[in-house]
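The working numbering numbers the first residue of the sequence shown as 33 and each following residue consecutively.
We treat Cβ as the ideally placed atom computed from N, Cα and C, and that holds for glycine.
If you're wondering where the values come from, they're calculated on a predicted model, not measured in any experiment.
Heads up: the structure comes next, in structure tokens.
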Amino acid sequence: MENTFYETSCDVLVIGAGHAGCEAALAAARLNMNTVMLTLNLESIAFMACNPSIGGTAKGHLVREIDALGGEMGINADKACMQLRMLNRGKGSAVQSLRSQSDKHLYHALMKKTLEETDNLRILQGEAVKILTENGKVTGVLTDFGGIIEAKAVVLATGVYLNAEITTGNWQKNVGPNGFAPANKLTASLIDLGFTVKRLKTGTPARVDGRTVDFTKCQIQPGEDEIYPFSFMTESAPKKETQTPCYLTYTNEETHRIIRENLERSPLMSGLIVGVGPRYCPSIETKVIRFADKERHQIFLEPEGRLTHEVYVQGMSTSLPHEVQKAMYRTIPGLEHCEIMRYAYAIEYDAIDSTDLKLSLEFKKVENLFTAGQVNGTSGYEEAAAQGLIAGINAAMKLKGMPPVILKRNEAYIGVMIDDLVTKGADEPYRIMTSRAEHRIFLRQDNADMRLTEIGRACGLVKDDRYERFLKRKAEYASAKEESKKKLLPKEANDFIAKYGFSPLNTAITYKDMIKRGISIKDIKEYYNAFENVRWDTLEMLETDYRYEGYLAKGLEQIERAKKLEEKKLPADIDYMKIEGLRIEARENLNKIRPENLGQAGRIYGVNPADVAVLMVYLKK
């Protein structure tokens with residue numbers, strides 16, 4: 033490019049200002065790195081292009097973990113909260129997940145303000161068109177206006193903007209989500225650097241004018257207030273009466289008839305869209321085909337903010353033509369006279385093969401180049417933010433000459449997600465789920481701070497105020513655990529336990545024993561005036577630990593066995609093709625992924641226990 037000029041220099045450059053980019057930039061800056069964030073549009077910072085919510089099944093776990101490590105998403109999600117609900121309440125504590133309906137405009141404004149007021153951080157609007165390198169090491173980027181930004185490390189967090197193309201019916205446009213400009217030039221640079229690039233797809237439903245919706249025909253979905261919020265730094269959840277309701281309605285046979293009659297006009301079905309879409313967030317036309325036996329599908333009506341009438345129609349993602357969208361939306365109870373403010377669309381974009389990355393999220397072929405978020409093949413704000421946080425931390429750690437922060441599968445859902453991406457790859461947009469975590473009984477929402485705050489403190493991201501709160505809670509937990517061992521004589525306990533159908537005792541019993549028998553710690557606290565000055569969420573954590581005590585003990589044995597494999601490091605220069613005894617498939621996949629230890633090797637597709645045994649013998653030579 034002619035007429036290039038020096039724009040600025042920095043320690044860490046973050047490309048992109050979505051949920052991944054925001055966490056990456058904040059982490060790097062807070063770790064005293066001179067940081068620049070380059071974004072296509074300042075108005076797209078932390079923009080919720082799809083669902084106006086934070087959290088959900090397993091996603092709520094990620095937000096709590098981000099918060100425990102010193103990230104920002106949970107703090108601003110609490111401030112922008114319009115409604116809180118705990119999902120999977122009827123199931124075990126391990127799979128319960130917090131979900132917050134968010135004011136998307138307020139969330140954007142809060143995150144933008146946070147970024148602007150963070151020391152060591154500059155925000156710059158512009159498009160990155162080329163990654164600059166020298167001797168296999170990143171040196172900065174070239175922008176579309178000819179500016180050169182020199183950087184010692186770069187975090188690529190471009191979201192769904194690379195060669196983004198929106199499609200409805202037979203209409204296509206080279207544009208990003210919500211009409212924002214795409215990034216059309218950077219993909220070529222990534223290919224030149226050695227990235228494997230693929231095409232993925234996601235989509236979003238229409239937004240309707242809430243004034244044209246008859247909510248009386250829908251089931252109200254109120255919020256809850258007996259919940260602790262996402263962030264450990266938030267004092268309390270909003271009261272139920274101040275929360276904004278959502279609503280539930282359903283599709284019907286008429287809806288499905290219109291969809292079936294127009295399938296040939298769907299770009300998903302006609303082949304106009306070639307990108308692979310998310311399995312766990314399918315379009316309505318996909319659901320109608322895949323679940324042909326279902327008479328109806330759930331539709332949630334969710335407000336997009338307190339200062340707008342826009343309502344998000346969750347469950348009705350589609351790429352059908354506009355006139356078909358209008359017809360099928362108006363078959364749904366409550367939406368008979370709805371006016372669409374923004375039509376639904378599908379969006380295709382370029383993403384990289386995540387197996388090209390190390391567990392630190394650094395690109396294997398270019399030193400100090402990290403990637404995070406949907407460009408890695410994930411879906412969801414929470415998945416993106418978690419990766420951004422780790423990439424930002426590790427960019428800073430690398431420049432400081434310190435080892436990277438790599439969370440293990442038994443330590444965090446973040447560790448599960450990154451290990452899945454790097455070890456197994458993602459042929460479709462990856463979504464975190466509780467079922468992906470084999471140690472999920474340890475990875476609960478309620479103990480995220482206990483699991484991860486010390487790690488955040490060690491790398492320097494957890495500051496004094498948060499750490500002091502953590503130490504106080506840790507002390508509260510220890511105190512409550514000690515008090516739970518208090519012995520009660522039969523005469524002190526029998527009247528109380530009789531309420532729960534238990535026979536009179538002849539020997540003493542502890543609060544812990546009562547809890548393990550199924551008596552609520554809340555009831556114990558109220559009846560005996562016990563556990564004074566202990567947060568109720570801390571008490572709930574203790575209760576869960578006692579209820580799962582046996583399972584936790586067995587799980588620790590599994591973790592210890594896995595730990596032994598994780599500790600056996602594999603040299604980076606191994607030529608797996610030359611190791612005798614390995615099957616061809618195993619050799620090829622091991623050479624591609626280049627695992628960092630035996631544990632990771634065993635999780636690669638095509639590598640079986642016999643192959644791991646061969647590697648163990650090889651390491652002993």
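Host alpha helix (DSSP H) of residue i (start-end)
i: residue 511; result: 496-515
i: residue 528; result: 522-530
i: residue 302; result: 299-302
i: residue 491; result: 480-491
i: residue 53; result: 51-62
i: residue 556; result: 553-560
i: residue 161; result: Run containing residue 161: none in the alpha helix (DSSP H); it sits in the beta strand (DSSP E), 160-166.
i: residue 617; result: 616-625
i: residue 265; result: Here residue 265 belongs to no alpha helix (DSSP H), and DSSP marks it neither H nor E.
i: residue 275; result: Taken as a continuous stretch (DSSP letters only), residue 275 belongs to no alpha helix (DSSP H), as it is neither H nor E.
i: residue 652; result: 641-652
i: residue 78; result: Residue 78 -> no alpha helix (DSSP H), and no H or E assigned at all.
Through-space distance from residue j to residue i, alpha-carbon basis
i: residue 612; j: residue 631; result: 20 Å
i: residue 265; j: residue 95; result: 13 Å
i: residue 176; j: residue 165; result: 17 Å
i: residue 654; j: residue 585; result: Since the displayed the chain opens at 33 and closes at 653, residue 654 lies outside it and no answer follows.
i: residue 198; j: residue 306; result: 12 Å
i: residue 225; j: residue 397; result: 8 Å
i: residue 215; j: residue 460; result: 21 Å
i: residue 360; j: residue 336; result: 22 Å
i: residue 583; j: residue 471; result: 10 Å
i: residue 309; j: residue 379; result: 9 Å
i: residue 533; j: residue 592; result: 39 Å
i: residue 122; j: residue 228; result: 43 Å
i: residue 525; j: residue 544; result: 13 Å
i: residue 646; j: residue 637; result: 16 Å
i: residue 182; j: residue 401; result: 13 Å
i: residue 513; j: residue 274; result: 35 Å
i: residue 178; j: residue 211; result: 24 Å
i: residue 89; j: residue 414; result: 11 Å
i: residue 288; j: residue 223; result: 42 Å
i: residue 291; j: residue 357; result: 9 Å
The beta strand (DSSP E) enclosing residue i, as first and last residue numbers
i: residue 43; result: 37-47
i: residue 342; result: 342-346
i: residue 384; result: 377-384
i: residue 590; result: It is not in any beta strand (DSSP E) - residue 590 instead sits in the alpha helix (DSSP H) that spans 581-598.
i: residue 71; result: 67-71
i: residue 173; result: 169-175
i: residue 477; result: Per DSSP, residue 477 belongs to no beta strand (DSSP E) and is neither H nor E.
i: residue 318; result: Note, residue 318: premise wrong, no beta strand (DSSP E); alpha helix (DSSP H) at 316-322.
i: residue 279; result: 278-282
i: residue 10; result: In this structure the chain extends from 33 to 653, so residue 10 is not present and cannot be described.
i: residue 631; result: Premise fails: residue 631 lies in the alpha helix (DSSP H), 630-634, not in any beta strand (DSSP E).
i: residue 374; result: 372-374
i: residue 86; result: 85-87
Cβ distance (whole Å) where residue i is taken to contact residue j below 8 Å
i: residue 511; j: residue 437; result: Incorrect: roughly 30 Å between the Cβ atoms, too far for contact.
i: residue 282; j: residue 365; result: 7 Å
i: residue 355; j: residue 362; result: So it is not a contact: roughly 11 Å between Cβ atoms.
i: residue 300; j: residue 318; result: 7 Å
i: residue 475; j: residue 509; result: Their Cβ separation, rounded to whole angstroms, is 17 Å, which puts residue 475 and residue 509 out of contact at 8 Å.
i: residue 239; j: residue 343; result: 6 Å
i: residue 639; j: residue 622; result: 6 Å
Closer than 8 Å: residue i CB and nearest the ligand NAP heavy atom
i: residue 610; result: Of ligands this structure carries none, so the ligand NAP is not represented either.
Residue i at chain D interface by Cβ criterion, 9 Å
i: residue 125; result: Any reference to chain D falls outside this structure, which holds one protein chain only.
Report task. With a floor of 4 residues, list each alpha helix (DSSP H) that falls wholly inside the segment 401-446, ordered by position along the chain. Result -> 413-432
Query raised in the report: Does the count of Cβ pairs from the segment 56-72 and the segment 417-425 closer than 8 Å reach three?
Result: yes
Report task. Report yes or no: do three or more beta-carbon pairs, one from the segment 60-76 and one from the segment 150-158, lie closer than 8 Å? Result -> yes
Query raised in the report: Taking contact to mean at least 3 C-beta pairs separated by less than 8 Å, is the segment 491-500 in contact with the segment 115-127?
Result: no
Query raised in the report: Counting only runs that start and end within the segment 179-260, where is the alpha helix (DSSP H) found for 4 or more residues in a row?
Result: Here the runs fully enclosed are 218-225.
Report task. Taking only runs that begin and end inside the segment 89-158, name each unbroken alpha helix (DSSP H) of 4 or more residues, in chain order. Result -> 91-100, 105-111 and 136-148
Query raised in the report: Does the segment 192-208 come within contact of the segment 167-174, defined as at least 3 CB pairs closer than 8 Å?
Result: no
Query raised in the report: Any contact of the segment 382-390 with the segment 447-454, i.e. 3+ C-beta pairs under 8 Å?
Result: yes
**Report entry** contact_flag[the segment 95-115, the segment 471-491] where n(CB pairs < 8 Å) is 3 or more
**Finding:** yes
Query raised in the report: Is it true that the segment 504-519 meets the segment 125-142, where meeting means three or more beta-carbon pairs spaced less than 8 Å apart?
Result: no
Query raised in the report: Would you call the segment 613-620 and the segment 594-604 in contact, with 3 or more CB pairs under 8 Å?
Result: no
Query raised in the report: Should the segment 72-84 be regarded as contacting the segment 129-138, the criterion being three or more beta carbon pairs within less than 8 Å?
Result: yes
Query raised in the report: Do the segment 464-478 and the segment 421-435 make contact, defined as three or more Cβ pairs closer than 8 Å?
Result: no
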